[in-house]
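Protein sequences appear in the order of chains A and B.
Using my numbering, the first residue of the first sequence is number 42, and each one after it goes up by one.
Using my numbering, the first residue of the second sequence is number 16, and each one after it goes up by one.
Below: one structure, written as structure tokens.
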Amino acid sequence: MTKDHLFQDARIVRILIERLQAAALRLPRRITLMEVCGTHTHAIGAAGLRRLLPEEIRLVSGPGCPVCVTPVGYLDHAEALAADPDTVLCTFGDLYRVPSSRSSLEAAAAAGARVRIVYAADDALEFAREHPGLRVVFLAIGFETTAPTIAAALAKAEDAGIPNFQILPGNKRVAPALAALATDPAARLDGFLLPGHVSVITGSRCYAFLSEQHRLPAVVAGFTAADILRAVLALVEMVAAGRPALLNLYGRVVTEQGNRIAQELIERFFEPADAVWRGLGNIPGSGLALRAPWTGRNAAASPVELPPPSEPPGCRCGEVLAGRMDPPECPLFARACTPDSPVGACMVSSEGSCAAWYRHERRAR
Amino acid sequence: MCLAIPMKLIARQGSSGVVELEGVRRSISLALMPEARTGDHLLIHAGYAIGAVDEKEAAETIRLLQEMAEAEQRDGPPGPEPQDGGGRARRPPERNQA
């Protein structure tokens, strides 16, 4: 056994589960803990952690999947841009199959729109460099982990003088969404597992308000079974003791202040703005808008006509994302809505709650 | 989407570098981690190094986990292991054994 394998070791998992069982006996009631990171959602499902937890601990997935929280109007806007034959959309693959009000990027591409799937914003920039006669629009979604890579691509576009590279701004900030959830009476949360890789950029300190203002414990967690269980254990102990605090249990990559260079790059191109999240609605300061000097890079700068945004009928993604409902409670789950034929965004992305439940927890129930 | 993979920086030139994991090599940008050095384990996301693995902190976490496993080996698990040879890696969790 190499040392790294300790993080997934069945013995360690069992020890941590036993400690959790002991700690759960000290809980005053059944509690709800929320993770807000698609990679956590996926890791919890893949390791089968949810069904190992004592019944006093409900672990829910919040709005941690950037594709899932992107409102339908954003996709409508992207499709409208793609109607121009000289425009090429470049997108992360996760967004490709998400239903829009009338269609999806995939269906639009099948009907002749120019949509390319890329791995990184830099790939879109490279495509723009190679095709100066085309307008290349990168669909800028993602949290603070991804935002600096997009800012870096914008900086490169400026330095190299590539005028035909634009973005459709849609990046989001996690902390304002946590603030909204912390005060949402319907969510009734008792603590947060904080997203490890978002925190690499933001640092851990910016989440101190959760315990200081809202009396909610919060733990920055890594992505192995041991990481996640240690974080859940720390949360349970803090709830049981009535002593909420902010802990960083992912210190091997997360610091208090985060990646300053990445933060400065975000700051150079973007400013906080109100943004709509699927399921949570408008959250003040939770989006990233391009600053005024970079209007030329904003594909949304000129108005386009959009259909009124409409979510797929019956889809409960919004309630799932807000932690108010587990995926199997949706009447479409595993019936009308499956990964092969998804109705809602949470079933499309492999990091979506519904996809993770379908894949890992359906047979177990 | 926030998936990030730790990979070892094996070469760097200006603001780009080459990282490796289990024989797989990739070119990445070091624009967000300009101080990275060859040999560092970097966290790679969407073509960029976004952070570095702090080896001391990683060793500390591994030490904690090792201690946890050793303490159990020394004191024995709280209940008997299944002897059915059925290949079950873990016992189903039992309650009230604290």
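Cβ atoms here follow ideal geometry from the backbone N, Cα and C, with glycine treated the same way.
Small disclaimer: the values here were computed from a predicted structure and weren't measured.
Query: Supposed contact pair Ala340 (chain A) and Leu209 (chain A) - C-beta distance, whole angstroms, cut 8 Å; Result: 5 Å
Query: His238 (chain A): contacting residues in chain B (beta-carbon distance under 9 Å); Result: Cys17, Leu18, Ala19, Leu58, His60, Ile65 and Gly66
Query: Member of B:Glu50, B:Val39 and B:Val68 whose CA lies at the smallest distance from the CA of Arg27 (chain B); Result: B:Glu50
Query: Distance CB(Pro189 (chain A))-CB(Ile242 (chain A)) smaller than 8 Å; Result: yes
Query: Any C-beta of chain A under 8 Å from that of Gly32 (chain B); Result: no
Query: Residue from A:Arg55, A:Gly86, A:Arg52 and A:Ile98 with nearest C-alpha to Leu276 (chain A); Result: A:Ile98
Query: Whole-angstrom distance between Leu74 (chain A) and Arg256 (chain A), CA atom to CA atom; Result: 14 Å
Query: Buried or exposed (CB count within 10 angstroms, at least 16 for buried), Ala192 (chain A); Result: buried
Query: Cβ separation of Ser30 (chain B) and Ser44 (chain B), assumed to be a contact under 8 Å, to the nearest whole Å; Result: 6 Å
Query: Contact list for Tyr160 (chain A) against chain B, beta-carbon separation under 8 Å; Result: Ala61 and Gly62
Query: Cβ neighbours of Val215 (chain A) in the same chain (closer than 7 Å, five flanking residues each side left out); Result: Val77, Phe184, Glu185, Pro236 and Val239
Query: Nearest-angstrom Cα separation, counted from Ser390 (chain A) out to Asp135 (chain A); Result: 5 Å
Query: For Pro325 (chain A), the nearest candidate out of A:Tyr137, A:Asp315, A:Arg309 and A:Ile85 (CA to CA); Result: A:Asp315
Query: For Lys23 (chain B), the first and last residue of its enclosing beta strand (DSSP E); Result: Ile20 to Gln28
Query: Neighbourhood of Gly79 (chain A) by C-beta, 6 Å cutoff - its chain only, sequence neighbours within 5 removed; Result: Gly105, Cys106 and Glu392
Query: Contacting residues, own chain, Cβ-Cβ under 6 Å from Gly114 (chain A) (five flanking each side not counted); Result: Pro350
Query: Nearest-angstrom Cα separation, counted from Leu331 (chain A) out to Phe310 (chain A); Result: 6 Å
Query: Cβ-based neighbour list, Ile56 (chain A), same chain, cut-off 7 Å, excluding 5 preceding and 5 following; Result: none
Query: 8 Å contact criterion, which Leu36 (chain B) and Met22 (chain B) should meet: CB distance rounded; Result: 4 Å
Query: From A:Ala249, A:Tyr291, A:Ala266 and A:Val260, residue whose alpha carbon lies closest to that of Glu278 (chain A); Result: A:Val260
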